[in-house]
Structures are given as structure tokens and as C-alpha cells.
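Q: Numbering (our numbering), first residue to last: 69 to 936.
The following block contains the structure, expressed as C-alpha cells.
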DNA sequence: ACCGCCGGGTGCC
DNA sequence: ACCGCCGGGTGCC
């Protein structure tokens, strides 16, 4: 009955899934991210410094652009210049032209720039007050292979690049870089909530009382929209405004950024706070004028006579609540004609917005909300800009963007990017569409603003129009390159920058010593599982086999070279701990690598012949009928465990290669060939339709059955890293009448939403159990209907487990949350848990120290896992 | 630009 | 006077 479904699961998930698991569930997400950032972009685009050259900017008196001492300038080719097609224009950070590069030098530079041999950057150190010309320090950056061409090309025209004195970026810097970046990642968003602006009450139209930290956020957001604080790094110096980072100065007050990043952890109420902002902070710090319906006590009789009349008789009362004067700053910059807040979000959270708007806006308040989605959407600009809130998705926005895009034609009061981290590739259509929106105020909501590397931040700053960093060159030069090259000041600047525009609290943050939100209690208990005798035997076999392999690698010093293999061994042991059938596929990988396809084909044929002959083939080691048959290169058939045992003991005792018990040919563990998966499956389904249980399955079922008797209303998350294990679990759940749904990474977004809704439903016939793949869904997943979590197998990274638990232990959870972790006694799982405990240490070690130390600790990890 | 360059004015000392 | 020198006009690319 269930077997067909079960097989489906196997076919579909087996190899690919193991592979993903092997690399992703793996040890060091952070270091991977850092390495990615470092290798992709040593500085922005893989450039190295070729050298410096002192040049001259001429024609200052013709242009208004000014430069301060130490300020960077941009160099732009002007091939269309009528006087000189080699012209190179010099501009300051704000794009105002300062002058030109002197003709002869420009000719040399034009050659380099036009052929993309190098990027040239300029900094002005002196002569900024000159009337006619000023010196500029030029630096040439490009790909290593173009270095000589550039140096020679410039030299031929009489310009000698100064190549000395460039700070060495050797291996030493890499470690420095890694340690700093780790710092950056971990601390960038730390402590961003120090006494911001106190608390603010939401407008009356907000029906839900705000928690203290939400009032704080509201206050901060209102202030960021209303108060004219100077943007980061700006200060007033006499009559001028001066930017201490770029050294730019201006007479005019720099344009403030009205908005920022609300980066609170999920579950702290970013959506509610944003709704409160929309209703509370319209123009001039006053609340959004809304219509409220007051149903007049029309006589019952009238109501019963004609309902329609009632509707028309509702009297519209315009509330005019005058909030206290928000700030003394004049709002002259406010374009009072803008009314609408545009919310852009992933499709999956649209329903959440609608739901929350309904829930938190007072019932008698008429807020005009339009969902701009679907082919029938109303594209009228007049209509859209008369709404209070328009909600759309990133995809609709980018599909729409074009000349006649209504969304791009409207001057929005406010644009909110929900889950703002989803736009981070600046080349993506979606990003361009987002950057093209016109708005007075801009907000990014994101629980995880940095997804992979520092460069993710650029999109966010560009969206906020944080000048001058919205221009890539300045971002790269001032922030990204310094940071990725491990420059302390660069990091400091980045931190300051982020701090100025971000509010972030975590679930564990405290206000006045009190936690932000009080969540129900959470209890975590570990339940030890004992393997059955057969399971134990199989496990020990696999362990010894793996142990020998790894021992060999350790002895050879090739552990890291064979890391994939090592992880595969560990993976198999972990699978053994869960259910024997998880192994079926992987074990056959072993032979694949060491057996040429042709030989393998022949051996499989032979094996098939032997087994199909009907005779009860006997294993010459155990003298019983073969169990888990394998065939050696010399074409003899044994039970896998038996022959593996032989190979192990022979190798150990005689320290030489093992020989076939039948013909004394050399045999190796990795040359044992077994049936390919499909046939194993066929064999299984024809020979035995039996479903096997395992100790861990028993442990889970025991718990579930007991708990169902105690309280049938509890819902459960059953979590495993192995989706095939989830498939295996389906059978006993069905058998015992548990209704369940399943959520894993292979499901479409639509299906996911559906499944989540089904599970979250409080209907009596809604599913009691969700089978959840550990890494499915990612952030934002709300599974508060569940209050008991079963973690079927330990993860390498405890944070992954935490995240998973947090999906139900979060705002909205009303019950005490119980977490049960199943750990197989005396197994690799126990060792994983031990290692998890030291994980924080290990991570520290990994980043703070040299490469070799890092490797050593990883090897130590493996030794500990295998008890070597 | 307190420069260099150009081109017109000028021309014993 | 087909030069030198002086001094005013002038000046990015």
C-alpha cells in the first residue's frame, strides 16, 4: 500500500539530496561565505594595484565642482569631447565636474581605460584651492595579467607608474581579513538599539496595543522620517556641511535619508510596527487621516427592511486627531500630494500583510489597501496613488518596470521593501526595478540584512539613496575594498554607516533588563536511543570500515584531500543511526569510484545471474544465504558485512592487502560491487513488501502515541535532515492514524504556503504533524501551531537546530514548547553533540587562527567523531 | 598663471 | 628685421 509511495520518495530524493546534505549541512557556513566574498572580490572585482602616478587636473575655473583635501575624485572618459577624443573628465563624489586631466596624460590614460586594461582612480591631496590646475594622485587597478601592458603603455608615453610601496597583500592579510570579516559579520548589526528615541504611541487607528520595543521602533522610524538629522559622516563646519568620510563639503544641507533598515529578528513585529508607522506618521508628523464608520443606531426595523439602506446610512466621520507637534523641523520638503505607501514583498508573505492589516487596523477604520497583483490589476496611476497602501510583489514590480510602469510613475509617500535581503544582486532586473521607484521615504524590513557578504549591503544603501554610496564606485572605494582588504578604518566606517540607519533587536535583546517579548517556556530534552542488536551489528561494521579508511587517510595526511569521502563515511553512519534503508543508495557509491564502468557492468551481470539462478547462494564466509550481496573483482559473491569484515581483519593483522577467501586474488573494500539502486528496489518490492522499522522510528512512535493519549490537541514538528527518513516515517504515522503534512526543500512555493496554512489551521481535522526537512523554508516560516518538536537527528551546526525550533518558539506561540532530540547511544551522533558544544570555540579557533590550525582542528573533529 | 605660449610691436646705446 | 627682445593678451579638453 505504502510501498509505492515510499519508493517514489527514494527515487526522487536519494542521490541529489545526500549530496546537498553533504555540502550544505556542513561544518562552516560563515567561513564559506567569507571565503566566497574574499575570492570573488579581493577588491570589488578582482583587481590588483598596478601603481600610482601624479597627474594634473586642469580647467578648474570652468566648472563648479569643488574638491576638498583628501577627497576622492572620479575619472570619466569623454570620447565625444569635441576638442580631444582622449579627454578624461574629473568629477567629485557628487558627480559635479571639477576639470579635466591634462591633455598628454589623458591620451595615455585613454588608451588604458578604453581597452579596459585598468581602472584609474584619483585622490586629491593638495591644491584644492587652486584656480587653474591641481595635482591629483592617480592609482591604476586591474587584472594581474594586464599589469605589464599598462605599465609599459604608460611608460611609452612618458609616464612612469610608481609601483613601490603598495601595501603587500600576501597570505598574511588573508587571515587578518578573515578575522576582521568575521567580526564584521557578527557585530555589524550588534548594539543598534542603544537609546534611540524613546517610545511613541501609535495612532488611534491602530487596534493592537504595541509592545514597548515596538513603540521604540515606531518612535525611531517616525524620527527618521521627520527629523532632519544629518546623514552619517556629515557635520556642520561653520557655514559648510562636511562629510568626514569622503571629505566632501557643501553649502546646502545634504539630503537626508528618510527611512532606513528595520532589521529586528523575525517575530518581533516588523509588520505591525510598519502598519503603525503608516497610520501614525503621515505628513508633518500627523496621523494618516482615515475615515471611520460609525454605525448609527438605526432602528432595528429599518435594518430588517432593507440592509442596503443601512449601508448607505453609515455616517462617515472624519477623525481629525491632532497629535502633539512631532518636531520643530519644518516639513517644507514634504510633497503633500503623496499619500500612498507601496509595500513590496515576496509572494509568500502577501497573505501575511493582508492578514495583519486586517488584524491590527481598527475595525471601524477604512484604510484603502489595494493588492496590485494578478493580470486584472488596476494600473491606473490616479487610482493607485489615491490608495493608502498598495501591496505588490517583487516579481510584479520587475515585470511591470518599463516605460509605462504605473508603479514607477507614481511619487510614493513611502516604499517598504519587505524581506529586503531578497534583492541583493544589483544586476538583477528586480533590483533595477526597485531602485527606479520614486519615493519620499524608503524602508527595508529584513531579519537578515546580510545574507552572504558585505557586498550585499550595497543594494540596501543604494535603495535608501545613501549618497554617495548609491554609486558603486564610491561604495567600492570607500567601503567594500577597504573592508575586504582588512582595513580597520573601512570596517569602522561600515559599522558607523550601518548603525546610523539600522534598528535591530534580537529575540534575546532586553529593554531595561527585560526581554522584548516574553515567549512561553521552552524545554529541550535529549532522548537516548539504543540500537537493536542487528542495527548495532550493521553500525559497527560500517564504523569499522569507515574507521580504517579514515585512519589510513590520517596516516597518509590526506584527510582533507579526501574530505568528501570522509563526510560520506560520516553520513553513512548518521544514516545508520536513523534507519537502515537510508543506506541503500550511498553504499553503492563506494564501488563506483574504483571500478571501471565496463568491469562493473560485467560484474553486475554476473551477480544478477547468480542471484536469479534461484539457488540459494551461499556466502563462503558465514555459510548462510547471502545477505546484502556484493561481488568482488574476481567475481565471487559474499555478504557485504562478511567480506568487509574479512578485508578489515586481514589488513589490520597482516598489514597487507586482503585476499579473496575463494581464489586468493587481491580484494579491496572499495572494489566491492553491489546491485545498482533500481534493481535493489525492484528486488525489494518483489521479494518483500515489508516495511522495516528502526529503533529511532520506534522511539518517535512511542512518544507520539503516549502524547496523543495525554493531550490530543498538541501539534508536532518532526524534523530530519534526511528527506528520505521523512518518507520512511510516513508509513507508521499513517498506520497509527496520525494526520500529517510534509514540508521539504523540493516543494514549490505555492505548495509550501498551502501546506503551512493547512498545518497552522485550528480546524479539528487539520494535520497534527508536520514532517519537516531541517533546512526547508528558511527564515520567516511560522509554525506556531506546533508546540512539540522532535529532532530526529543532530545537525552539525547547532544554530540550524535553533532556527528550526524557533519556527514554533516565536511570537504567537501560546503553549510551552517541548523539544525532544533523539540521539543514538554510543554512536557518531553522540560525538556530534559533544562537538556541537565546543562549536562556538571551534568557530573562534577557525577564524582567529592560521589556515593550518584550522585544518588541524577540523581533522581533530573527525578523529573525535570516529573515536580515533 | 608669481607660469608658458602666442603674436604684435619694435629695433644702437 | 628671413632676427631677438619686450610686454600685453591670454589660458582645459
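All C-beta atoms in this analysis are idealised placements derived from N, C-alpha and C, irrespective of residue type, glycine included.
Given this structure, state the Cα-to-Cα distance separating residue 297 from residue 778, to the nearest angstrom.
A: Reading the first chain from its first residue, position 229 is the one you call residue 297. Reading the first chain from its first residue, position 710 is the one you call residue 778. Approximately 58 Å between the Cα atoms of the pair.
Q: By Cβ distance below 7 Å, which residues in the same chain neighbour residue 201 in space, the five residues on each side in sequence not counted?
A: On the first chain, position 133 is the one that residue 201 refers to. Hits under 7 Å: 124, 125, 126 and 128.
Q: Are residue 461 and residue 415 touching if we call contact CB-CB under 9 Å?
A: Along the first chain, read from residue 1 onward, the residue named residue 461 stands at position 393. Along the first chain, read from residue 1 onward, the residue named residue 415 stands at position 347. Yes.
Q: DSSP three-state call for residue 163: helix, strand or coil?
A: What you label residue 163 is simply residue 95 of the first chain in a count that begins at 1. Here residue 163 sits in coil by DSSP.
Q: With residue 423 as the anchor, note down where its alpha helix (DSSP H) starts and where it stops.
A: Here residue 423 corresponds to residue number 355 of the first chain, with the count starting at 1. Unbroken alpha helix (DSSP H) run through residue 423: 415-428.
Q: So, with DSSP's three-state summary, where would you put residue 577?
A: Stepping through the first chain from its first residue, residue 577 is reached at position 509. DSSP places residue 577 in coil when its eight states are reduced to three.
Q: Where are the alpha helix (DSSP H) runs, 4 residues long or more, that stay fully inside the stretch 788-826, in chain order?
A: Counting whole runs of 4 or more residues, the stretch 788-826 contains the alpha helix (DSSP H) stretches 791-803.
Q: What number of angstroms, rounded off, separates the C-alpha of residue 453 from the C-alpha of residue 480?
A: On the first chain, residue 453 is found 385 positions in, with the first residue counted as 1. On the first chain, residue 480 is found 412 positions in, with the first residue counted as 1. Straight-line Cα distance between these residues: approximately 7 Å.
Q: Here's the rule: buried if 16 or more other CB atoms are within 10 angstroms of the residue's CB, otherwise exposed. What is residue 440?
A: Stepping through the first chain from its first residue, residue 440 is reached at position 372. So residue 440 counts as buried.
Q: Given a cut-off of 9 Å on the beta-carbon distance, is the pair residue 482 and residue 345 in contact?
A: In the first chain, counting from the first residue as 1, residue 482 sits at position 414. In the first chain, counting from the first residue as 1, residue 345 sits at position 277. Against a cut-off of 9 Å, the Cβ pair of residue 345 and residue 482 comes out as a contact.
Q: I think residue 273 touches residue 433, with their Cβ atoms under 8 Å apart; what is that distance to the nearest whole Å?
A: Within the first chain, residue 273 is the residue found at index 205, counting from 1. Within the first chain, residue 433 is the residue found at index 365, counting from 1. The pair is a contact, with the Cβ atoms about 4 Å apart (cut-off 8 Å).
Q: If residue 497 sits next to residue 523, beta carbons under 8 Å apart, how far is it from one beta carbon to the other, in whole angstroms?
A: Locating residue 497 in the first chain gives position 429, counting from the first residue. Locating residue 523 in the first chain gives position 455, counting from the first residue. Wrong, their Cβ atoms sit about 19 Å apart, outside the cutoff.
Q: So the candidates are 614, 543 and 139; which of them puts its Cα closest to the Cα of residue 190?
A: Taking the first residue of the first chain as position 1, residue 190 is located at position 122. Among 614, 543 and 139, the Cα nearest to that of residue 190 is on 139.
Q: Mapping DSSP to helix, strand and coil, what is residue 400?
A: Mapped onto the first chain, residue 400 falls at position 332. For residue 400, the pLDDT reaches just 47, beneath the cut-off of 50, and the residue's location in the model is therefore unreliable, leaving the point undetermined.
Q: Can you check DSSP and say which residues form a bridge with residue 346?
A: Numbered from its first residue, the first chain carries residue 346 at position 278. Answer is none; residue 346 lacks a bridge partner.
Q: Tell me the DSSP secondary structure of residue 877 in three-state form.
A: Your numbering for residue 877 matches position 809 in the first chain. DSSP places residue 877 in coil when its eight states are reduced to three.
Q: Using alpha carbons as the reference points, say which of 854, 640, 169 and 867 lies closest to residue 897.
A: Translated into positions along the first chain, residue 897 becomes position 829. When only C-alpha atoms are compared, the closest one is 640.
Q: How would you call residue 754, buried or exposed, if buried means at least 16 neighbouring beta carbons within 10 angstroms?
A: For the purposes of this step, residue 754 is identified with residue 686 of the first chain, where counting begins at 1. Any answer about residue 754 is weak, because its pLDDT of 39 lies below 50 and its placement is not dependable; what the coordinates show is given next. Its Cβ having fewer than 16 others within 10 Å, residue 754 is exposed.
Q: Who pairs with residue 665 in a beta bridge, going by DSSP?
A: Within the first chain, residue 665 is the residue found at index 597, counting from 1. According to DSSP, which records beta bridges pairwise, residue 665 is partnered with nothing at all.
Q: Starting from residue 474, follow the alpha helix (DSSP H) in both directions and report where the run begins and ends.
A: Taking the first residue of the first chain as position 1, residue 474 is located at position 406. Unbroken alpha helix (DSSP H) run through residue 474: 474-477.
Q: Is it the case that the stretch 732-745 contacts the stretch 686-702, given that we only count it when at least three CB pairs across the two stretches are under 8 Å?
A: Output reads yes: the stretch 732-745 touches the stretch 686-702.
Q: Starting from residue 707, follow its DSSP beta bridges and name the residues at the other end.
A: In the first chain, the residue the question calls residue 707 occupies position 639. Partner(s): 697.
Q: Specify, as a first and last residue, the run of the beta strand (DSSP E) that residue 511 falls within.
A: As a first step, residue 511 must be located in the first chain, where it is residue number 443. Segment 506-513, the beta strand (DSSP E) holding residue 511.
Q: Taking only three categories from DSSP, how would you classify residue 897?
A: Taking the first residue of the first chain as position 1, residue 897 is located at position 829. Three-state DSSP puts residue 897 in a helix.
Q: Would you mind sorting residue 881 into buried or exposed? The rule is 16 or more other CB atoms within 10 Å of its CB.
A: If you number the first chain from 1, residue 881 lands on position 813. The residue in question, residue 881, is buried, as its Cβ has 16 or more Cβ neighbours within 10 Å.
Q: Just confirm the distance between the C-beta atoms of residue 513 and residue 276, as a whole number of angstroms; I'd bet it's less than 8 Å.
A: Here the question's residue 513 lines up with position 445 in the first chain. Here the question's residue 276 lines up with position 208 in the first chain. Not really, about 17 Å apart at Cβ, beyond 8 Å.
Q: Would you give the residue range spanned by the beta strand (DSSP E) that residue 310 belongs to?
A: On the first chain, residue 310 is found 242 positions in, with the first residue counted as 1. 308-311 is the extent of the beta strand (DSSP E) around residue 310.
Q: Cβ of residue 855 within 9 Å of Cβ of residue 884?
A: Indexing the first chain from 1 puts residue 855 at position 787. Indexing the first chain from 1 puts residue 884 at position 816. Yes, these two residues count as a Cβ contact at 9 Å.
Q: Could you give the distance in angstroms between the alpha-carbon of residue 586 and the alpha-carbon of residue 828?
A: Start at 1 with the first residue of the first chain, and residue 586 comes out as number 518. Start at 1 with the first residue of the first chain, and residue 828 comes out as number 760. Spanning the two alpha carbons is a distance of roughly 21 Å.
Q: Going by C-alpha to C-alpha distance, which of 603, 500, 285 and 623 sits closest to residue 892?
A: Taking the first chain and counting its residues from 1, the one referred to as residue 892 is at position 824. Among 603, 500, 285 and 623, the Cα nearest to that of residue 892 belongs to 603.
Q: Leaving out five residues before and five after residue 302 in sequence, what residues of the same chain have Cβ atoms less than 6 Å from its Cβ?
A: Position 234 of the first chain, counting from 1, holds the residue named residue 302. These residues qualify, in order along the chain: 309, 311 and 322.
Q: Exposed or buried, residue 621, counting other C-beta atoms within 10 Å across all chains shown (16 or more means buried)?
A: Against the first chain, residue 621 aligns to sequence position 553. Its Cβ being crowded by 16 or more others within 10 Å, residue 621 is buried.
Q: Let me know the secondary structure DSSP gives residue 866 once reduced to three states.
A: Indexing the first chain from 1 puts residue 866 at position 798. Reduced to three states, the DSSP call for residue 866 is helix.
Q: Between the beta-carbon of residue 903 and the beta-carbon of residue 932, is there less than 9 Å?
A: Position 835 of the first chain, counted from the first residue, corresponds to residue 903. Position 864 of the first chain, counted from the first residue, corresponds to residue 932. Yes, they are a contact pair.
Q: Considering residue 591, what are the terminal residues of the beta strand (DSSP E) in which it resides?
A: Against the first chain, residue 591 aligns to sequence position 523. Segment 590-597, the beta strand (DSSP E) holding residue 591.
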